[in-house]
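Q:
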Amino acid sequence: MLKTELMNLWLWIGLGGFIGALLRFAASGLMQSKSAVFPLGTLGINVIGSFFMGFIMYSSEFGGLFSEEARIFLTIGILGSFTTMSTFSYETFKLLEQNELLLVSINIIGTVLLTVFAIYLGKIAALNLWKV
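Residue numbering for the sequence shown is 36 to 167, as defined by our numbering.
1. Ignoring anything shorter than 4 residues, give me the alpha helix (DSSP H) runs that lie fully in the stretch 72-132, in order along the chain.
2. Looking at C-beta atoms only, is the number of pairs between the stretch 74-85 and the stretch 37-54 that lie closer than 8 Å three or more?
3. Just reading off the alpha helix (DSSP H) that residue 40 is part of, what are its end residues?
4. For residue 67 and residue 61, I'd like the C-alpha separation in whole angstroms.
5. Quick test of your reading: residue 73 and residue 138, contact by CB under 8 Å. State the CB separation rounded to the nearest angstrom.
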């Protein structure tokens, strides 16, 4: 890859990261009630991001919908800053510090199962779109 191509790709990833961070802030704020103890906003962001990751990757693989540059912009750029594993880890640890063991379990199991299931749903949506 040429130096200018690499620099352009980095710029697209950075722009995607900027967009993803703003989307995360807005969407998480809409989902999370200020009075809620459970980090529903983070869980919702991870599920939504996982769905779109599955959809984009399988649409790229089976439908040729996205160029390599567009796929990188969307997945590494936007979804990379949209999804929130570091926030998930921190919020889970805070629940653990507060001895909220049931909520810790729900958060870990819910996040892992729902995000993996969302990848599957994204795949199904892409495969149905492309009739594969």
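Just so you know, even glycine gets a beta-carbon here, dropped at the ideal spot from N, CA and C. Note that this is a predicted model, so its numbers are computed, not measured.
A: Let's see:
1. Correct list: 75-93, 103-107 and 120-132.
2. no
3. Counting along the chain, residue 40 sits inside the alpha helix (DSSP H) bounded by residues 38-66.
4. 10 Å
5. 6 Å
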